[in-house]
Amino acid sequence: MRKFLVFVIFVLIAVAIADRGLHYAAESEIASRVEQQYEMSSEPEVTIGGFPFLTQAISGEYDRIRIVTGAIVVGDVQLERVDVTARDVRAPLADLMTEPSVVAGTARAKVMLPYSELQKRLPEGIVIENENGSPRMSGDLALGQYSTPVSADLEVAVEGDTILVTPSNIEIGQSQLGGMGLVEDMLAMQVPVPEMPFGLEVTGIEALPNGVEVSAEASDVELVGSPTTQG
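Written out as structure tokens, the structure is:
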């Protein structure tokens, strides 16, 4: 009986080690494929949820896979971070090591667009900085032959395939001129929504202290396979 228990414990340990080993190998393979597919400068972080991994691998169906990238260039826009959680994922283990195909039923993501991308579209001399936890545009704005200090909060919205940036609480010098038409027009901008990785479509947007956070989602997402977008 004692020998049998020792054998069972040995088998369980071996299975656990194999589970973790295959788990790590699968995460590494997906990370490598995504890096190549989107021509990233470094591999993304990949986490395959659920335990044990072996049962999911054998069935080829995974409850959740999370992919977090660093900076990624799509078109002519650099995204600071893409954090996507995919669910109902189909990825046969044998395919992962040969001709990988990882397809998710649904995916939701948070995409960070840095203010540097918006700042490139502002008039010369205007920068976007964090002021008391909120983004604010400020600097010297050329108005005709003169240069005038201005500052304004910024509000963001998404309309179709366009990100709308609207200044508010405009200050010119020491005066608050909330409806100053000329300055408002010069600070407002329309930015085309960059083509998102993984075929994601924008569902919402929010101005945060460190950038514009875009919410996005998609269905029948090919996480690994034929590239949907490349920089």
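Residues in the sequence shown are numbered consecutively from 19, following our numbering.
Glycine residues also receive a C-beta, built at the ideal position from the N, C-alpha and C atoms.
| Taking the alpha-carbon positions, what's the Ala44 to Glu240 distance? | Residue mapping note: residue 44 aligns to position 26 of the sequence shown, counting from 1. Residue mapping note: residue 240 aligns to position 222 of the sequence shown, counting from 1. Cα-Cα distance, rounded: 16 Å.
| Beta-carbon spacing of Thr221, Ser237 below 8 Å | Translated into the one-based positions of the sequence shown, residue 221 becomes position 203. Translated into the one-based positions of the sequence shown, residue 237 becomes position 219. The answer is no: Cβ separation not under 8 Å.
| Okay, do the stretch 117-126 and the stretch 154-170 touch, 3+ Cβ pairs below 8 Å being the bar? | Verdict: no, contact absent.
| task | Return yes when the Cβ of Glu57 is within less than 8 Å of the Cβ of Val86, no when it is not. | result | In the sequence shown, residue 86 corresponds to position 68, counting from 1. In the sequence shown, residue 57 corresponds to position 39, counting from 1. No, they are not a contact pair.
| Skipping 5 residues on each side, what residues in its chain have a beta carbon closer than 7 Å to that of Met130? | Numbered from its first residue, the sequence shown carries residue 130 at position 112. Its chain contains Leu97, Glu98, Arg99, Gly229 and Glu231 as the residues whose beta carbon lies nearer than 7 Å to that of Met130, once the 5 sequence neighbours on both sides are disregarded; these appear in chain order.
| Segments of 4+ residues assigned as alpha helix (DSSP H) that fall wholly inside the stretch 35-93 | 71-77
| Residue environment, Ser169, which counts as buried when at least 16 other CB atoms sit within 10 Å | Taking the sequence shown and counting its residues from 1, one reaches residue 169 at position 151. Ser169 comes out buried.
| In whole angstroms, what is the alpha-carbon distance linking Glu53 and Glu213? | Counting from one through the sequence shown, the residue named residue 53 turns up at place 35. Counting from one through the sequence shown, the residue named residue 213 turns up at place 195. Approximately 17 Å between the Cα atoms of the pair.
| field | Own chain partners of Pro227 with C-beta closer than 8 Å, once the 5 adjacent residues on each side are dropped | value | To locate residue 227, count along the sequence shown from 1; it is residue 209. Cβ within range, chain order: Asn148, Gly151, Ser152 and Pro153.
| Using the C-alpha atoms, what's the distance from Val201 back to Val267? | Because residue 267 is not part of the residues shown, which for the chain are 19 to 249, the question remains open.
| said: Among the candidates Pro167, Met155 and Thr166, whose CA atom is the shortest distance from the CA of Val263? | reply: Because the chain in this structure spans residues 19 to 249, residue 263 falls outside the shown range and cannot be described.
| request: Note down the Cα distance separating Asn187 from Ala109, rounded to an integer number of angstroms. | output: For this step, residue 187 is matched to residue 169 along the sequence shown. For this step, residue 109 is matched to residue 91 along the sequence shown. Rounded to whole angstroms, the gap between the alpha carbons of Asn187 and Ala109 is 51 Å.
| query | What does DSSP give as the partner residues of Val168 in its beta bridges? | reply | Working through the sequence shown from its first residue, we reach residue 168 at position 150. Paired residue(s): Gly157 and Ile190.
| task | Locate the alpha helix (DSSP H) running through Met204, then write down its first and last residues. | result | Taking the sequence shown and counting its residues from 1, one reaches residue 204 at position 186. Here the alpha helix (DSSP H) through Met204 covers Gly199 to Leu205.
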